[in-house]
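The sequence shown begins at 96 in my numbering and counts up by one.
Cβ atoms here follow ideal geometry from the backbone N, Cα and C, with glycine treated the same way.
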Amino acid sequence: MTSLLSEIGLNIQEAHGFSTKNGYSLDVFVVDGWDNEETDQLRSFLLKEISNMEEVASKVLKSECLNEDV
């Protein structure tokens with residue numbers, strides 16, 4: 096996530112991580128560098144990029160699992 100924020104030109108001013116007893120985690124970033132007052136555009140972009148990252152990670156994991164079976 097930090098590299099994604101950096102790639103789009105955001106500067107991380109603060110970062111906090113929290114976890115729960117039941118396995119959830121929450122990462123909070125305070126950033127600057129987003130010129131647009133509207134956060135909807137930023138949110139849409141981040142959701143799209145995170146989805147792309149998950150897709151790539153899924154393909155890598157499947158490939159690794161197939162290689163282990165050989």
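{"Check": "Once DSSP output is grouped into helix, strand and coil, what is the label at ILE107?", "Outcome": "strand"}
{"Check": "Cα-Cα, which of ASN117, LYS157 and PHE124 is closest to LEU99?", "Outcome": "PHE124"}
{"Check": "Express the C-alpha separation of ASN162 and GLU102 in angstroms, rounding to a whole number.", "Outcome": "32 Å"}
{"Check": "Terminal residues of the continuous alpha helix (DSSP H) containing GLU102?", "Outcome": "97–102"}
{"Check": "Between the alpha carbons of TRP129 and LYS157, how many angstroms are there, rounded?", "Outcome": "36 Å"}
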